[in-house]
Amino acid sequence: MSSPTANWSYPTAIRFGAGRIKELPQACAAAGIRRPLLVTDRGLAGLPITAATLDILDAAGLGRAMFSQVDPNPTDVNLAAGVAAFKAGGHDGVIAFGGGSGLDLGKLVAFQAGQTRPVWDFEDIGDWWTRADASKIAPNVAVPTTAGTGSEVGRAGVLTNSESHVKKVIFHPKILPSVVICDPELTVGMPKAITAGTGLDAFAHCLEAYCSPFYHPMSQGIALEGLRLVAAYLPRAYADGGDLEARAHMMSAAAMGAVAFQKGLGAIHALSHPVGAVYNTHHGTTNAVVMPAVLRFNRPAVEDRLAAAASYLGVGSSFGAFYDLALGLRSEMNIPEKLRELGVGDNRIDELAAMAIVDPTAGGNPVELTLDAAKELFREVI
Ligand SMILES: NC(=O)c1ccc[n+]([C@@H]2O[C@H](COP(=O)([O-])OP(=O)(O)OC[C@H]3O[C@@H](n4cnc5c(N)ncnc54)[C@H](O)[C@@H]3O)[C@@H](O)[C@H]2O)c1
Ligand SMILES: [Fe+2]
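Right, dumping it as structure tokens:
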């Protein structure tokens, strides 16, 4: 099968297929954007795919305004600078372009530019999102360049507090991109380590959603097929970055992971978030390192469920078969064994564990993540 093409309307309008970045002007028109600001991270700003995208906008009379002061694990400082650029340029919408970092910051610029309250007032807690003036939220079009976070189909942005070094999720239904362009050709140039880390982030989203105890059968089904796609196609995308069919299926799996995790995430993300916020490690790679220890920790609660997943994935019919698959993906992708190899020390375990148990994702773990359990898990994975 060659690389698939499709138009989807769930969970938002998605133009899926190789080469479809050329439809960006139409996507902006559909979103009601006439003066877009393209928001991306510093690394992508200098790459040919970004220059080519700006050329497409320019040729359609949409200008080539770009804001790229965006760090990996973007912060409130990045957001303030982005909002200032948005206002100074008289923009009416954002093209959020990149991996999770560029996508999240771009979505948040479009959201925050019209608000008067501090962004932290819109953390994903209860009905805090209703504090926002919804009429002042600018539209955004999302263009993923990695296949991992699924932020392109999400209603939230992850923002690191530059003072407390805590990652917060900022939520509003209107943060959901109006239009998404999923063009797998944009992901072809990803370095191997980013292909691996982002791909295993998608796997972690599907896995944790699938194991979460909450009732959400729609997400359950999506999570299972997402796991299958990653298991089948991530090794191919990793081995040959130019394999467009594999890149396309990974792009689908990433979006599926984000749809699925409306059901909940778990301890992989609860451990990974503080590590990313404190040590600035890559999110998906951090998830991949901690995954086996969390699987062992959760085993009593998920044994049957993961045996069923193993059957669906065609690798056996036991928890052990699924566990071996996860370990195999990890080693095939050259993921480090321990967080130590990502620069994480063992001198702040108490602090990391305290942050992990209050992370919003901790509540979705199938086995209760107590403070002692979190400390023990960190000792194991560091
Ligand atoms: N909104 C959500 O639902 C959600 C979910 C999971 C993670 N996140 C957040 O997303 C961020 C991580 O995103 P990510 O894993 O996609 O990484 P990233 O966006 O930080 O990108 C990683 C690196 O890859 C580079 N890159 C991206 N695309 C490339 C391409 N096509 N070619 C070459 N280089 C490329 C970037 O410049 C960057 O240096 C974290 O901040 C994480 O907290 C958000
Ligand atoms: Fe994630």
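The working numbering puts the sequence shown at residues 96 to 477.
For glycine and all other residues, C-beta sits at the position ideal for the given N, C-alpha and C.
For clarity, every value in this text was computed on a predicted model and none was experimentally measured.
- Between A191 and V134, the beta carbon gap of about 6 Å places them in contact (Cβ cut-off 8 Å).
- For D199, the CB stays at least 7 Å from every heavy atom of ligand 2.
- Taking non-hydrogen atoms of ligand 1 into account, the C-beta of H377 is found less than 7 Å away from one of them.
- Contact between the segment 265-275 and the segment 377-390 is absent, with fewer than three C-beta pairs closer than 8 Å.
- Boundaries around A448 are those of the alpha helix (DSSP H), I444 to V453, since no beta strand (DSSP E) includes it.
- Proximity to I452 across V439, R342, L472 and K433 peaks at L472, based on C-alpha coordinates.
- Of all alpha-carbon atoms in R130, I220, G114 and P167, the one lying nearest the alpha-carbon of A180 is that of R130.
- Assigned with DSSP and collapsed to three states, T225 falls in helix.
- A251 carries a strand assignment under DSSP once its states are collapsed to helix, strand and coil.
- Within the same chain, W215, E218, L254 and N256 come within 7 Å of K263 by CB-CB distance, once the 5 residues on both sides are set aside.
- Rounded to whole angstroms, the gap between the alpha carbons of G352 and G156 is 35 Å.
- For L319, same chain residues with a beta-carbon under 8 Å away, outside a window of 5 residues either side, are C301, Y305, A404 and Y407 in chain order.
- In this structure, L366 is the residue among N168, V410, L366 and Q121 with its C-alpha nearest to the C-alpha of F392.
- The Cβ atoms of H344 and L324 sit closer than 8 Å to each other.
- Separation of the CB atoms of S98 and P279 is rounded to 6 Å, and the pair is thereby assigned contact status at 8 Å.
- By the CB criterion at 8 Å, I232 and E303 fall outside the cutoff.
- Cβ contact annotation for D441 (same chain, cutoff 6 Å, sequence separation greater than five): I477, in chain order.
- Nearest in C-alpha terms to D166, of all of V439, D136, G184 and I144, is D136.
- Around the beta carbon of P286, fewer than 16 other beta carbons lie within 10 angstroms, which makes this residue exposed.
- In this model, L390 and A421 are separated by some 9 Å (Cα to Cα).
- Considered as a whole, the segment 97-161 harbours 119-126, 137-140 and 143-154 as its complete alpha helix (DSSP H) runs of no fewer than 4 residues, in chain order.
- Residue pairing of K263 in beta bridges, as defined by DSSP: L254.
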